[in-house]
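Numbering (the numbering used here), first residue to last: 79 to 390. Ideal Cβ positions, reconstructed from N, Cα and C, are used throughout, including at glycine. Since the model is a prediction, treat every value here as computed from it, not as a measurement. The block underneath contains the structure these notes are about, expressed in C-alpha cells.
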Ligand SMILES: NC(=O)c1ccc[n+]([C@@H]2O[C@H](COP(=O)([O-])OP(=O)(O)OC[C@H]3O[C@@H](n4cnc5c(N)ncnc54)[C@H](O)[C@@H]3O)[C@@H](O)[C@H]2O)c1
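Structure representation (C-alpha cells):
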C-alpha cells in the first residue's frame, strides 16, 4: 500500500505517518512547512518528503502518483490565524481539495481520507453530544470550507469516482501540537509560572480528544469504512476551559494563577459556548471510540514537554 499524507509534517500528520510506516505503507508527505516540520529524523529517512503547496496542482499530481490512499490533512487552522488569513484558509481548503480530487481521479486512488472539523456544527452543539445527523451551521471561513469539501467529496462518490471518509475531529491534543493552540499555550504558561490566560469566563466547553485515539480511529475508518462517510472523532467528554486550565496547573504542579481576560475581538464571531460529540457511529462501525481520560493525556503531554526540555 502507498499513501500520501498532505499536511504530514503537522501535528496530527506526523503521528499518522509513523503509524502508516508501522503498518508497512510506503508514505509520501506533502507539506509547505507553514507550521514547521514535526517529522522526526528517522521518519524522514523512511518516507518521500515533498516540500510543496497543496494549492499547486502539478505538485499534488506528482505527490499522489500511484497512491492507494490519500490522507488530506493540510490546512490553515487556529482561530486567530484563520481570522487573519481568511483567503489563504479558503484557498488551502478549496483549491487544495480540488487538486487532491483531480489527482485521485487521474491516479485511480481508491480512497481519500479527509480531516474535516467539529467546527461544521457551529452553535448547534448545545444540549447534547452532537451526532453526524445534526444540522450543521459552520461560521468561520475554515469551517465553511471544511463543510464545502465534505459535500464535494460526496458529489464525487455519487459520480463513482472514488470513496472517501470525512473525519470531524473534536479538539485534538497531544505531544508536538502547535504552540498557539490552547493546551500547549496553557502548558507553556504553567511551566513558566505565568498566569494562565483564559478568554472570557472559561465556562465554554470543549471535547478534548487524545492524538493516539485520533490516529487509531483514523486508521480503522481508512480500513473499514466504505462509500462516502462522515464520522465524529470525539472523546464524548465535555470540559470547561476553566477546568482544563486547573487540570494543567495540577498536572504540572505549577504555582500559576488563572487569569480571565477579554478575548481578541475577532474571536467573538467564531466562538461556540458548548461543543462535545458522540462517537457512536465510529464505534458501531469499528468497535472503537476514543477513551483516553483528559488527565491521563495531559500527563503524557507534560512528560513530552519535560523530555524535550521545552514547553509543548
Ligand atoms: N488539531 C485539531 O484539534 C483539529 C481539529 C479539527 C480538524 N483538524 C484538522 O486536522 C488536520 C491536521 O491538523 P493539525 O492539528 O495537525 O494542524 P497542523 O497545523 O499541525 O498541520 C497542518 C499542516 O498543513 C500544512 N499546510 C498548511 N497549508 C499548506 C499548504 N497550502 N500546502 C501544504 N501544506 C500546508 C502545515 O504546514 C501543517 O504542517 C487539518 O486539516 C485540520 O483542519 C484538526
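### Task
Following the continuous beta strand (DSSP E) through residue 187, name the residue where it begins and the one where it ends.
Counting along the chain, residue 187 falls outside any beta strand (DSSP E), and DSSP gives it neither H nor E.
#### Entry: Same chain, Cβ closer than 8 Å to residue 318, five either side skipped, listed in chain order
280, 281, 282 and 283
### Task
Return yes when the C-beta of residue 261 is under 6 Å from any heavy atom of ligand 1, and no when it is not.
no
#### Entry: Given residue 285 as reference, the closest of 385, 371 and 133 once Cα atoms are compared
The shortest C-alpha separation from residue 285 is found at 371.
### Query
If you check the beta carbons only, do residue 148 and residue 187 fall under 7 Å apart?
yes
### Query
Is residue 121 near ligand 1, in the sense that its beta carbon is under 6 Å from a heavy atom of that ligand?
no
### Query
Run through DSSP, which three-state label would residue 389 get?
Annotation note: pLDDT 49 at residue 389 (below 50); position unreliable, coordinate value reported separately. DSSP places residue 389 in coil when its eight states are reduced to three.
### Task
Flag residue 195 as yes when its Cβ comes closer than 6 Å to any non-hydrogen atom of ligand 1, and as no otherwise.
yes
### Message
Nearer than 6 Å: is that true of the beta carbon of residue 250 relative to any heavy atom of ligand 1?
### Response
yes
### Query
Hey, is the stretch 125 to 135 in contact with the stretch 160 to 180, meaning 3+ C-beta pairs nearer than 8 Å?
yes
### Query
In angstroms, rounded to a whole number, what distance separates the CA positions of residue 101 and residue 299?
15 Å
### Query
Cβ of residue 375 versus every heavy atom of ligand 1: is any distance shorter than 6 Å?
no
### Task
May I have the straight-line CA-CA distance separating residue 106 from residue 174, to the nearest angstrom?
16 Å
### Query
Which one of 358, 364, 247 and 336 has the shortest CA to CA distance from residue 302?
364
### Query
Any chance the stretch 85 to 105 sits against the stretch 198 to 218, with 3 or more Cβ pairs inside 8 Å?
no
### Which listed residue (239, 334 and 195) has its alpha carbon closest to that of residue 216
195
### Query
Just to confirm, are residue 233 and residue 310 a CB contact at a threshold of 7 Å?
At a Cβ-Cβ threshold of 7 Å, residue 233 and residue 310 do not count as neighbours.
### Task
State the Cα-Cα distance for the pair residue 213 and residue 386, rounded to the nearest angstrom.
42 Å
### Query
Would residue 242 pass as a contact of residue 190 if the rule is Cβ separation under 7 Å?
yes
#### Entry: Straight-line gap, residue 390 to residue 266 (C-alpha atoms, nearest Å)
Low per-residue confidence applies at residue 390: pLDDT is 46, beneath 50, and the placement is therefore not dependable enough to give any value.
### Query
For residue 88, which beta-bridge partners are listed by DSSP?
None; residue 88 has no bridge partner.
### Task
Check each candidate in 307, 261, 103 and 277 and name the one with the smallest Cα separation from residue 193.
307
### Message
Looking at the secondary structure, which residues open and close the alpha helix (DSSP H) in which residue 314 lies?
### Response
Looking at the DSSP string, residue 314 is not in any alpha helix (DSSP H), and its letter there is neither H nor E.
### Query
Would you call the stretch 319 to 328 and the stretch 288 to 295 touching, i.e. three or more CB-CB distances under 8 Å?
no
### Message
So, with DSSP's three-state summary, where would you put residue 279?
### Response
Here residue 279 sits in coil by DSSP.
### Query
In terms of residue numbering, what span does the alpha helix (DSSP H) encompassing residue 124 cover?
119 to 124
### Query
Nearest to residue 160 by CA position, among 373, 367 and 258, is which residue?
258
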